[in-house]
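Report on the following structure.
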Amino acid sequence: MVCHARPGLANEDVASPIGLLVPLAQYSIALSSVAESGVRDGNDAASNAPQEDGYTETTIPCITESPLLHLDSVRVGTGKTIHLWKHNTELRYAIDKDSFMPEDRLWVQLNMLHAVCQWEGEGVRFKEVDHEDEFNFVVKYSQGEIFDDCLGRSFFPGATKRKLYIYALALTSENRNYLAGLLAHELGHIMGLRHEFAAEREKKVRSYLFGEKNKFSVMNYFEHPSQWGVQSQDRHELASLYALTENEYNGVPIVRHGALELRRSRKHL
């Protein structure tokens, strides 16, 4: 899958070491060829993801392809600032079930829970609530609005437009079995992480390496979507990042955001 930043907005991403990000950044994940392949640790989460029959071979990386911004690693920060949530912040999400086809609603709910579990509560806690209750962000279906090959899009800490979009392509028979990996990647962005390769391929917006490089990071690209899953190194470095008490990292200011206001009105779905 490839991450594309919407022109005019700050972009995100992180590498195996953590890449820090900027607020209001939104990105898309699109299908394309991957620059390098990786074999996931079979003991990590993705190997236990829910499965359905059928998959057509395709190459799926995650790249931020914006003429303005490119960032990623457990790599963090965008430009001159690192944006995170306050440690142990709880982010409540609601699934806009009415936006999904009936046959996809439970599948999305289960895979979202699986993606959350892969992160094991490190950095930020995620909690599903009913869409009639108060929530911080919404998970929503969309046909796709940027590229025909988009799989999904989300946001960074502090963003005002807080929606995690799942595009039609992510729910096809070829891709739906690996939805949990895609969502785990999206949650990484929501927690402030950028693509693993941000320093090499997304240089226009500076990123900062936290920890060690990891080509198997969930924030990287892979030749097959089954390889997407949160690694123990991802969790460890995210936990270390959020455990920082200083207001800067290597001279770069850190901005820690609260969970923002809870929303209840259906107009936010």
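Be aware that the sequence shown starts at 83, since it is given in the numbering used here, and climbs by one per residue. Backbone N, C-alpha and C define an ideal beta-carbon position, used for all residues, glycine too.
Assigned with DSSP and collapsed to three states, Val300 falls in coil, not helix or strand. It is roughly 14 Å from the alpha-carbon of Met301 to the alpha-carbon of Ser308.
Only residues of its own chain outside the window of five on either side were considered, and among them Arg174, Leu344, Arg345, Arg346 have a CB closer than 8 Å to the CB of Glu216, listed in chain order. Selection Ala341, Val337, Leu342 evaluated against Leu166 yields Val337 as nearest (Cα-Cα). DSSP, reduced to helix, strand and coil, places Lys245 within a strand of the structure shown. At a Cβ-Cβ threshold of 8 Å, Asp186 and His213 do not count as neighbours.
Per DSSP, the beta bridge partners of Pro335 are Glu330. The three-state reading of DSSP puts Trp201 in helix, counting H, G and I together.
A direct Cα-Cα distance of roughly 32 Å separates Lys168 from Phe182. For Arg207, there is no enclosing alpha helix (DSSP H); the enclosing beta strand (DSSP E) covers residues 206–211. Here the alpha carbons of Phe304 and Asn218 stand approximately 31 Å from one another. Taking C-beta atoms as the reference points, Arg258 and Trp189 count as a pair closer than 8 Å. Contact check for Ala197 against Leu269 passes: the beta carbons are separated by less than 8 Å. Around the C-beta of Gln225, fewer than 16 other C-beta atoms lie within 10 Å, and the residue is accordingly described as exposed. Judged by beta-carbon spacing, Ala266 lies within the 8 Å limit of Val312, meaning their Cβ atoms are closer than that value. In this structure, Ala252 lies near Leu261, with their beta-carbon atoms less than 8 Å apart. In the three-state reduction of the DSSP assignment, Arg345 falls in the strand class.
As a beta-bridge residue in DSSP terms, Val221 pairs with Ile177, Leu246.
Taking the CA atoms as reference points, Asn329 sits about 6 Å from Pro335.
In the DSSP assignment, His165 falls within the beta strand (DSSP E) that extends over 164–167. A residue is called buried once 16 or more other Cβ atoms fall within 10 Å of its Cβ, and Gly240 is buried on that count.
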